[in-house]
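In UniProt numbering, the protein residues as written are 1 to 1052. Glycine residues also receive a C-beta, built at the ideal position from the N, C-alpha and C atoms. Since we're looking at a predicted model, the values are computed, not measured.
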């Protein structure tokens, strides 16, 4: 229950975690419609004679003091009272012979105040001077104008910084551009804190290159009485802002046309406390934005004396869209904050601010926390930045940053505290416009310089919301910092101890001349986790504190009668909560409420949760048996190593998914109490399981070794590590483990060690390939044909490779003729497509033909190198017929990237990762355009076309393969021409026939002479038959098998 109360109280404090009060705002609202009321704001603190007031710019307002249409206006509002339009028309001086145009002049577009010198400047950057020619309007020069006055004087003086007719247009031999004529002076206005200077930005000068203008007081040697008589008006000295210096934009080399130098301006003492430098932004420079740190030359129309430049980091981020300067780190030098409202980190225009710290080295330095990012799409974080001074009185300056289009264009202002390292990038307060007043939109488009309007020594601010036409005054409260101390009267407890005493003290710091009494609730908690002791008396009490003295209390703590754990010390903790009075939020809406309704308490402090000491813990140990001094002097030694992957200290990626880290702790000294082991594991290594004595904290594992770890004892702690992510091979070549040993006892040994494990890779890739068919025929020389080659890459070894690249060199130009065209390569790796690139124009239509000549007489001239290679030229062919030419051809030609006259192009395909024994396949479908080289080959020639393939390991970089497999392979496709039937002469045929007949006749005569045609064999068989019959007892009277002629011939 006590912990729940503490949590709730913490929430109450965090609801107002900085001291800009939002419960009692003063809200002013536009009396016109769409006047951009709140576009600029000035807050004046007042003095003993004059009350504080607010000046609000409304650059699109109508003005009752002029007949011009929407010239803009400024509303002067005494705090808590209604606003009245300030009259700028009664200017003290007017240069002769000019006519002005105030329609849309944007009076109040920018403004600034010098508290030290009591001056206010209000600018109208769209003020127009009318140029006439022959009595008629010739041109409108939007030169810009400004009005200045003393803080408590309504008499204004007009400044026309670009009123120089000779500089209106710049002409040269190449043409003319606007110089001063569209300068828009006063789009930014700034007065340094200490000096009597006024700096105006004029981004339209010299074709929108832009420049800066400096006004200073003149050195008038006349006596004071004489100067007073010559005053045009009562309150303005003629020397004030009497000297102007317009920097020459044409000579300032750091910017060019359309850079808009002068869009924002500030100043500070960045390098030395005695050297004032100015800062001006050119947000379109180099498409990113640029700021110039400079000073003005003493002579007029000289370039800026630039000391340093800084550029934005992202295209179109508008670096320099806003500027502010002040000391945020307390070193006495001013620091610079630069807004880039169009910076994109997610979708678009989230915004960003950059931080630069002043340095005596003569160059701004970049802190560790160099920037702050906006987090809302189109919030435009950094549109406005304002140095607030030390709002919370902690010794460091604070900064406000606005995102006027965040929260559905309601707008948000963030407050950031300064520190010795620069700005703390976590906001200390977030002020949402609609939470102050529901109708507010565009909150934060302007933030005034800080001013103490309620005399509580803490600066207050005004914030404009131009989209809804509101200006809000927010006041700061005093900040109270509360300190506390807790200590025990006993250094340690004997095992027989029954009770002991502690003392708690509180005090606070508050920057007030008459600090009030404050109230806190204190909580004293005893041995919360183990419950071995309890407090005698109230653990919770409300007390009042006086700044002039400490409030201290003594407490008695009683131990339980019996408990076993006397190794862990008794823990006593002290906490407090600051008590604030109940408040009900109330808005002072000027015009609807009176100042008497304001419930704001300017001297009611808020709690400084950043610097207050709100929690204290002490531990009272038991007597530990380590000598009379009760100090245990342990001597802890420990060793750590990885096991489960052999004796080598190198872990081969992919070899194992799980390994074990073993740490052995030995105590060679006295007892080591509360001994713990912490292992910081690389982020890519995870724990497979956590031992019961260990707990994981982010990337660290904290293990309890023993309590106590006795003398000469040993303890092993093993952690099972999951190496799956490591095996992906996408990370560094080493794993760093940090092992630390902790003990409440003294330890004379090293307590931190590093274990570095080298990551090795074993992998090899090889490439092979083949032609899709063994051979291809090209019978018709006026046509081409398609063919295909396939390459295959295989990986061996246990380690994965992040990416491989397959490079194929394809011969495709012979001389000046393209004879090979390529279809879109098709490559896959484990079902995923390879990413391929080349300089080929791929074939889209499979039926498309390439290089077919409509007229066989059209011939391209061949180079001498081709004639030498193929021993054939167009001239040779012209001396013989085509058929005779083809009959002479029966040769084999080899075409590859080494053949003279052949040009190759490369196809590169990449993919990954590739694991063990995975295969990548790349198919090249090509078209052989025979008509492109028909003059070089006959129909019977054989062509061997070869592509050359190579496989590379591109990631990890500089990887050395572990095997000796080939990384190169050539694929050859065979092209065969048709077989030609040759013509035989007639006389050869006749002679061949006659010779054949004569040969046949000679053969027949030879056979006759040899008796080949006699039938003796048949007669012998017949005689044999007759003898057999006679021997069997008679002979036959018939001779059926013999004819008469044969019988008679045989008898005779």
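Item, Value
"Going by the CB atoms, is the gap between residue 517 and residue 548 shorter than 8 Å?", "no"
"Report the option in 251, 405, 282 whose CA atom is closest to the CA atom of residue 203.", "282"
"Between which residues of its own chain and residue 613 is the CB-CB distance below 6 Å, once the five residues before and five after are set aside?", "483, 484"
"Assess, as a yes-or-no matter, whether the region 554 to 573 is touched by the region 598 to 609 under the definition of 3 or more beta carbon pairs within less than 8 Å.", "no"
"In the DSSP assignment, the beta strand (DSSP E) including residue 692 goes from what residue to what residue?", "Taken as a continuous stretch (DSSP letters only), residue 692 belongs to no beta strand (DSSP E), as it is neither H nor E."
"Taking the CB atoms as reference points, tell me whether residue 183 and residue 109 lie closer together than 8 Å.", "no"
"Assign residue 663 to one of two classes, buried (16 or more other C-beta atoms within 10 Å of its C-beta) or exposed (fewer than that).", "buried"
"Quick check: residue 793 and residue 806, are their CB atoms within less than 8 Å of each other?", "yes"
"Rounded to the nearest angstrom, how far is the Cβ of residue 744 from that of residue 674, given a contact under 8 Å?", "4 Å"
"Within the same chain, show all residues whose beta-carbon is closer than 6 Å to that of residue 820, passing over the 5 residues directly before and after it, in chain order.", "812, 926"
"Return yes when the Cβ of residue 891 is within less than 8 Å of the Cβ of residue 941, no when it is not.", "yes"
"Where residue 753 and residue 527 are concerned, what is the direct C-alpha to C-alpha distance, given to the nearest angstrom?", "34 Å"
"Which runs of the beta strand (DSSP E) fall wholly inside the region 790 to 840 and span at least 3 residues, in chain order?", "803 to 814, 820 to 822, 826 to 829, 835 to 837"
"From which residue to which residue does the beta strand (DSSP E) around residue 406 run?", "That residue, residue 406, is in no beta strand (DSSP E); its alpha helix (DSSP H) goes 406 to 409."
"On the CB-based measure, 16 or more other CB atoms within 10 Å of its CB, does residue 300 come out buried or exposed?", "exposed"
"What does DSSP give as the partner residue(s) for residue 99 in the beta ladder?", "130"
"If you draw a straight line from the C-alpha of residue 463 to the C-alpha of residue 444, how long is it?", "6 Å"
"Does the count of Cβ pairs from the region 177 to 193 and the region 156 to 163 closer than 8 Å reach three?", "yes"
"With DSSP collapsed to three states, give me the class of residue 929.", "strand"
"Enumerate in chain order the residues of its own chain whose CB-to-CB distance from residue 681 is below 6 Å, with the five nearest sequence positions on each side excluded.", "699"
"Check the DSSP bridge columns for residue 190 and list the partner residues they point to.", "199"
"Decide yes or no for the touch test of the region 17 to 24 against the region 462 to 480: beta carbon pairs closer than 8 Å, at least 3 of them.", "yes"
"Under three-state DSSP, which class holds residue 318?", "coil"
"So, with DSSP's three-state summary, where would you put residue 248?", "coil"
"Leaving out five residues before and five after residue 1134 in sequence, what residues of the same chain have Cβ atoms less than 6 Å from its Cβ?", "Nothing about residue 1134 can be read from this structure; the chain reaches only from 1 to 1052."
"Can you have a look at residue 657 and say buried or exposed, based on whether 16 or more other CB atoms are within 10 angstroms of its CB?", "exposed"
"Please report the straight-line C-alpha distance between residue 78 and residue 171, rounded to a whole angstrom.", "50 Å"
"Using three-state DSSP, classify residue 331 as helix, strand or coil.", "coil"
"Should residue 455 go down as buried or exposed, given a rule of 16 or more other Cβ atoms within 10 Å for buried?", "exposed"
"Can you give the Cα-Cα distance for residue 419 and residue 957, rounded to whole angstroms?", "42 Å"
"When we look at the beta-carbon of residue 1028 and count the other beta-carbons within 10 Å, is it buried (16 or more) or exposed?", "exposed"
"In angstroms with no decimal places, state the Cα-to-Cα distance between residue 427 and residue 503.", "36 Å"
"Can at least three beta-carbon pairs, one atom from the region 623 to 633 and one from the region 571 to 589, be found at a separation below 8 Å?", "no"
"Which one of 899, 945, 965, 25 has the shortest CA to CA distance from residue 432?", "25"
"Would residue 465 pass as a contact of residue 72 if the rule is Cβ separation under 8 Å?", "no"
"Would the region 342 to 351 and the region 366 to 378 be scored as touching if the rule is three or more Cβ pairs under 8 Å?", "yes"
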